[in-house]
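Here the working numbering is used: the first residue of the sequence shown is 140, the next is one more, and so on.
The C-beta atom is built at its ideal place from N, Cα and C for all residues, glycine as well.
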Amino acid sequence: MVVCGDDGLAHRLATELRGVYREQVVLVVPSSRRTPPQPMAGRARAASAALFGRMVTAVNRGTDGSDDTLVPDERVMEAAEPTEAVLADAGVDRAAALALVYDDDETNIRAALTARRLNPRLRLVLRLYNRRLGQHIEELLDQAAELAAGATAGHRDGHGRHGGHGADIATTVLSDADTTAPALVATALVGTSKVVDAEGLLLRAVERRPPRPGEVADPGLCTLALLSATSNDPAGAEGSEDSGDGPRLLPDAEAVAAATGRGAVVLEQVSYSGPPLPARRAGVMPFASLFSARLRWSLAGLVAAVVALAVALIVVTDDHPLHAIYITLLDLFAINDPAVDAPLGRQVLQLLSGLVGLLLLPVLLAAVLEALGTFRTASALRKPPRGLSGHVVLLGLGKIGTRVLTRLRELHIPVVCVEADPEARGMAVARRLRVPVVVGDVTQEGVLESAKIHRADALLALTSVDTTNLEAVLYARSVRPDLRAVLRLYDDDFAKAVYRTLRTAHPAALTRSRSVSHLAAPAFAGAMMGRQILGAIPVERRVLLFAAVVVDGHPQLEGRTVAEAFRPGAWRVLALDTAARGDAAGAEPPGSGLVWDLPDTYVLRAGDRVVLAATRRGLAELLGRRTRSPR
């Protein structure tokens, strides 16, 4: 595996490939010695000179994947840019996959075109911010690969993925926003990032303590593993593959029944069970939202003046109250006859009514203009409902915040957004989804209160400024100490330090600080392993992989029942994709998604596409790949 990048995502991705998938990695990064930017004319010369930079070999301090060092037979190359010479020296012509995760889209596209020419059968993973451009680049590179590799490159199923168990030479374009959104949503809801995004569904691995005598544990969707911890040996939670019994991955029903007093890891679907967003009557707006407080007081004062004039006219002329009010209004709007021959009191009251009428004109004009502006704003942005509670407060509607907002609304979770820039890219999405938005700076007093932070269940601070996110979380903690808070930080080390400090200061509250590189690396690593990989979940010191596999061409699956296809400790079929084959299982109509309650007697056919959980060695055997054992 070759990884090229210029920020923390490249290092984190290399660590993920080494620690989770046991792959050999060549990491290409710029020199650690910072140099001033060079003009375009000197970049090619600098890149050629950087080709002969020194090779750095790091010593692996462990095999559990907890540090960022590389194993002895892996390399770190220092190069300013991924030129053709640099890619050739990194072994792209012999590599299985290449990840281009530079911060610049143009650099990634140029290197991808070069790499595809050097190795047509190379699996490419690109990091692009422009999603529309990424779709065109993905199709272009896939067409080039198919033309160069021939018709044997593999066929595509209904989802655009390469089917069969042959070489997967597809191109995958990812962005930070798409890859971090599922983990951020799951962390805000259930406080864990051990999640897998399976065809739009969020799945999480939950550790269950050993049940007490007489208790029946909830099996969830299925039991993924039996933990080392038991009722008699609580310290077994620190077990590993080399100490004690260790965890038992993908056990069968007999093993689960026999594991009395042993903890387990079960699979659950992430869902929201809190109160729904309060219903709002269409077309009805409260009077208080139409006019400002100053304008309302002005209107109240004018009404009081009109009432006083009418009462004075009744006293002076001894007229009927209704007729007196009518005469007052005529004087107010200057459509009554002048009171030339009337008594002095009547003349004074007419002059006062005319003066009040002059004051009424600008107030009426201001009311009309403000009401029009209020209607325009109300049609664009909604305000948080008065009775809202149990919602998620989302700070920042940038590229990551917008994607997280979409995922939250797909799960029917009430959200209140806070954004300082009225022209942010997520404002249009908030209007389309009819999500309440508070426009203001979160560091200013009263902004979070307007978002009903004191009644919220979770806070997601996803602005692009680390200090703003940290300040918002600290202020929210002062308002509500038990609030679940998740903040996005750029640097991974800084995120760890913030997490430890907040956990110490607020032990009863759930706080998670995550860097974008930490959350995005698993998705990029899964794409490098092939489009079948959906994600990975750690179980103590072992790893379970989740993959989407087309049954056609796999003798271990095709023609077998679900029970016969299950191999304990290796792989297990979890769900069937009914969108790929509408008549599958005869349970749901075409395009309905995944069916999890598959009967054990269902026979897997050639056109089926299944989601399965597997160990590293089991998935390698199923897909016909090589495996690497730790040294």
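Residue i - partner residues in DSSP beta bridges
| i | result |
| --- | --- |
| GLU588 | None; GLU588 has no bridge partner. |
| ALA364 | LEU388, VAL404 |
| LEU527 | Note: LEU527 sits in no beta bridge, so no partner. |
| ARG343 | VAL334, GLU407 |
| GLU558 | VAL578 |
| THR606 | In the DSSP output, where bridge partners are listed per residue, THR606 has none listed. |
| VAL532 | VAL555, LEU598 |
| ASP630 | None, per the DSSP bridge assignment. |
| ARG266 | LEU313 |
Reduced DSSP category for residue i - H, G, I as helix; E, B as strand; rest coil
| i | result |
| --- | --- |
| PHE685 | strand |
| VAL625 | strand |
| GLU679 | coil |
| MET140 | coil |
| VAL334 | strand |
| ASP480 | coil |
| ILE672 | strand |
| THR310 | strand |
| ARG711 | strand |
| GLU162 | coil |
| VAL492 | The question names Val, yet the displayed sequence has Ser at residue 492. Three-state DSSP puts SER492 in a helix. |
| ASP232 | helix |
| GLU217 | strand |
| THR740 | coil |
| ASP145 | coil |
| LEU751 | strand |
| LEU237 | strand |
| SER437 | helix |
| LEU550 | coil |
| THR700 | strand |
| VAL690 | coil |
| SER170 | coil |
Neighbour-count burial assignment, residue i, 16 or more Cβ in a 10 Å radius
| i | result |
| --- | --- |
| VAL454 | exposed |
| GLY144 | buried |
| VAL312 | buried |
| ARG639 | exposed |
| ASN269 | exposed |
| ALA337 | buried |
| GLN408 | exposed |
| GLN489 | buried |
| ALA396 | exposed |
| SER492 | buried |
| ARG214 | buried |
| GLY201 | Summary for GLY201: the model assigns pLDDT 34, below 50, so the residue's position carries little reliability, and this model does not support an answer. |
| ASP631 | buried |
| PRO561 | exposed |
| LEU286 | exposed |
| GLY585 | exposed |
| GLN282 | exposed |
| ALA344 | buried |
| SER314 | buried |
| HIS551 | exposed |
| SER367 | buried |
| VAL442 | exposed |
| GLU245 | exposed |
| HIS150 | buried |
| SER170 | exposed |
Cutoff 8 Å; reference residue i; Cβ partners in own chain excluding five residues on either side
| i | result |
| --- | --- |
| LEU280 | ALA251, LEU252, ARG255, LEU263, THR310 |
| ILE592 | VAL532, LEU598, ALA615, VAL618, ARG619, LEU622 |
| VAL555 | PRO523, LEU527, HIS530, VAL531, VAL532, LEU533, VAL574, PRO575, VAL576, VAL577, ALA590, LYS591, ALA595 |
| ALA394 | LEU365, ARG387, PRO707 |
| SER187 | Residue placement at SER187 is flagged as unreliable, the pLDDT there being 32, under the threshold of 50; the coordinate-derived value follows with that caveat. Answer for SER187: THR222, ALA224, listed in chain order. |
Cβ separation of residue i and residue j, assumed to be a contact under 8 Å, to the nearest whole Å
| i | j | result |
| --- | --- | --- |
| ALA704 | LEU743 | 6 Å |
| MET667 | ALA238 | 5 Å |
| LEU713 | VAL750 | 5 Å |
| ALA702 | ARG542 | That pair is no contact at about 39 Å. |
Cut-off 6 Å between Cβ atoms - residues of its own chain near residue i, not counting five sequence neighbours on either side
| i | result |
| --- | --- |
| VAL450 | none |
| GLY757 | ALA709, TRP710 |
| GLU162 | MET140, LEU156 |
| ALA236 | MET140, ARG262, MET667 |
| TYR241 | GLY144, ASP145, ASN247 |
| LEU572 | ARG548 |
| HIS459 | none |
| ALA463 | ALA449, LEU452, ILE453 |
Cβ-based neighbour list, residue i, same chain, cut-off 7 Å, excluding 5 preceding and 5 following
| i | result |
| --- | --- |
| GLU155 | ALA660, PRO661, ALA664 |
| VAL335 | LEU342, LEU673, GLY674, ILE676, PHE685 |
| ARG485 | VAL455, THR456, ALA478 |
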